[in-house]
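Line by line, the protein sequences give chains A and B. Once you know that position 16 of the first sequence is 17 in our numbering, the rest is easy, because the numbers rise by one and skip nothing. Once you know that position 43 of the second sequence is 51 in our numbering, the rest is easy, because the numbers rise by one and skip nothing.
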Amino acid sequence: DAKTTQPPSMDCAEGRAANLPCNHSTISGNEYVYWYRQIHSQGPQYIIHGLKNNETNEMASLIITEDRKSSTLILPHATLRDTAVYYCIVRVRAGNQFYFGTGTSLTVIP
Amino acid sequence: DAGVIQSPRHEVTEMGQEVTLRCKPISGHDYLFWYRQTMMRGLELLIYFNNNVPIDDSGMPEDRFSAKMPNASFSTLKIQPSEPRDSAVYFCASSLSLRQGTPGANVLTFGAGSRLTVL
């Protein structure tokens, strides 16, 4: 199973882009990278996922390096409501388990 | 769709009592997961089901914990007897297994959680 490494915490000014890094150097060829976030006291919420190509949706963009050993989640214009813990997960190939690490606690500052 | 529905939202009980947590997954989803979250250990996967069948229960901490899924729309997580160290937020999540690359494939949708306090 590929493990992920994320910084424990980050700050971002409101209105600026938040760039959250994730290392997954042991990722296998067909394992996807998923991002979830958890706002205090709520269940985790899906944000985005990808395999090789960069992905964008209404919430965020996901940039995956060419060697797939790391990725960056980008929130283009962070708001106070984006304050949350962000989890980077590599989906286990066999089965359907998602294992959450410790994540990055993002604080958006007014 | 109302999403994943969990009950109760809060439960306070005394050590030794039986606790039953309930989950209604999103209609049509064929996977159901139970997670536990504590400050010390973060989010832990306890067990998951596929088409109502338990697939992997290796995360269940001990025999005091049991989970069932009698039908596609209902699952329970039972703790008997409960202990103070079981105090945590328990989340249920469901997903639909689609071929990877299909929009929405294998995306987990979580419920709001059940906060358990064992005194």
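Where a beta carbon is used, it is the ideal one built from N, C-alpha and C, also for glycine. Being a predicted model, the structure only gives us computed values, none of them experimental.
Beyond the five residues adjoining it in sequence on each side, residue 22 (chain A) comes within less than 6 Å, by CB distance, of 73 in the same chain, given in chain order.
Straight through space, the alpha carbons of residue 23 (chain B) and residue 91 (chain B) are spaced by roughly 5 Å.
One alpha carbon belongs to residue 110 (chain A), the other to residue 11 (chain A), and they sit about 10 Å apart. In terms of CA proximity to residue 94 (chain B), B:72 leads the group B:60, B:32, B:39 and B:72. Contact annotation: residue 54 (chain B) and residue 100 (chain A) have beta-carbon atoms that are not nearer than 8 Å.
For secondary structure counted as the beta strand (DSSP E) over 3 or more consecutive residues, the segment 53 to 78 of chain A holds these complete runs in sequence order: 62 to 65 and 71 to 76.
The CB of residue 30 (chain A) never comes closer than 8 Å to any CB in chain B; the least such distance is about 12 Å.
For the 8 Å CB-CB criterion, residue 40 (chain B) and residue 77 (chain B) form a contact. Among the residues facing chain B, residue 69 (chain A) is not included, as its CB has no counterpart in that chain under 8 Å away.
Around the CB of residue 102 (chain B), 16 or more other CB atoms lie within 10 Å, so the residue is classed as buried. Against chain B, the beta carbon of residue 44 (chain A) has neighbours under 8 Å at 12, 99, 101, 118, 119, 120 and 121, listed in chain order. Following the DSSP letters along the chain, one finds residue 38 (chain A) inside the beta strand (DSSP E) bounded by residues 34 to 39.
Contiguous beta strand (DSSP E) elements confined to the segment 72 to 118 of chain B occur at 73 to 79, 82 to 87 and 96 to 103, taking only those with 3 or more residues. Between the alpha carbons of residue 7 (chain A) and residue 21 (chain B) lies a distance of about 36 Å. Taking 8 Å as the cut-off, the Cβ atoms of residue 96 (chain B) and residue 84 (chain B) do not count as close.
Distances from the alpha-carbon of residue 31 (chain B) to those of B:16, B:114 and B:44 put B:16 closest. Proximity to residue 37 (chain B) across B:125, B:66 and B:100 peaks at B:100, based on C-alpha coordinates. Pairing residue 65 (chain A) with residue 55 (chain A) gives a Cβ-Cβ distance under 8 Å.
The Cβ neighbour count for residue 12 (chain B), taken over all protein chains shown within 10 Å, is at least 16; the residue is labelled buried.
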